[in-house]
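Numbering (our numbering), first residue to last: 49 to 178. Quick reminder that beta carbons are idealized off the backbone N, C-alpha and C, glycines included. Written out below as structure tokens is the structure these notes cover.
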Amino acid sequence: MLLTTLYKNQKLFWSTLMVCNIALLARLYLKFELTIVCESDKYLSEAGAMTDGEFKKATEYQLFYSAYIVYLAVFVKLKLPVLFIFISTWCLSAFASYRFYQLLLELINEPTAKLWITFTALSPLLQYWQ
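Here's what the structure looks like:
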């Protein structure tokens, strides 16, 4: 009964999904914290180089990631904490997921779209490089 109500009520569905996603990410944050080593450090360093005017150095080896480096350069230039990068990226991901959900609604159907968005929200990608 509860799942049926949750499924049919759009506002309740989205609210519950966001709360569950935030709770999951908070749990992961408390367990692992945010780390900026290896790959993260490399992109932040490149963003720092870009804000210092070293555009060639910033894109020399990472041309494919230039858009991401420019995105990070905004945070580096404003001297914002890494947590702001995380929150901003979460907001962009939430927006992109919602837009993809709308696309699935038009192309396939509502049950598939809701299943996809639920799996996406409750299965965050974790990357760990050694």
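Assign A106 to one of two classes, buried (16 or more other C-beta atoms within 10 Å of its C-beta) or exposed (fewer than that). Indexing the sequence shown from 1 puts residue 106 at position 58. Classification of A106: buried, given that the 10 Å Cβ count is 16 or more.
Inspect the beta-carbon positions of I133 and L120 and report whether they are closer than 8 Å. As a first step, residue 133 is located in the sequence shown; it is residue number 85 there, counting from the start. As a first step, residue 120 is located in the sequence shown; it is residue number 72 there, counting from the start. A contact, by the Cβ cut-off of 8 Å.
Using DSSP with H/G/I as helix, E/B as strand and the rest coil, what is E87? Along the sequence shown, read from residue 1 onward, the residue named residue 87 stands at position 39. Reduced to three states, the DSSP call for E87 is helix.
For I70, is the classification buried or exposed, using 16 other Cβ atoms within 10 angstroms of its Cβ as the cut-off for buried? Numbered from 1 along the sequence shown, position 22 holds the residue referred to as residue 70. I70 comes out exposed.
Would you check if the distance between the CB atom of L72 and the CB atom of L170 is smaller than 8 Å? Taking the first residue of the sequence shown as 1, we reach residue 72 at position 24. Taking the first residue of the sequence shown as 1, we reach residue 170 at position 122. In contact: L72 and L170 (Cβ atoms closer than 8 Å).
Rounded to the nearest angstrom, how far is the Cβ of T83 from that of V124, given a contact under 8 Å? In the sequence shown, the residue the question calls residue 83 occupies position 35. In the sequence shown, the residue the question calls residue 124 occupies position 76. Not confirmed; about 17 Å, so no contact.
Own chain residues within Cβ distance below 6 Å of W177, not counting five before or after: Residue mapping note: residue 177 aligns to position 129 of the sequence shown, counting from 1. Caution applies to W177, whose pLDDT of 45 falls short of 50 and renders its modelled position unreliable; the model cannot decide the point.
Buried or exposed, going by whether 16 or more other CB atoms sit within 10 Å of the CB of A144? Taking the sequence shown and counting its residues from 1, the one referred to as residue 144 is at position 96. So A144 ends up on the exposed side.
Out of Y146, N157, A115, which has the shortest C-alpha to C-alpha gap to S63? The count along the sequence shown starts at 1 and reaches residue 63 at position 15. The residue with the shortest Cα to Cα distance from S63 is Y146.
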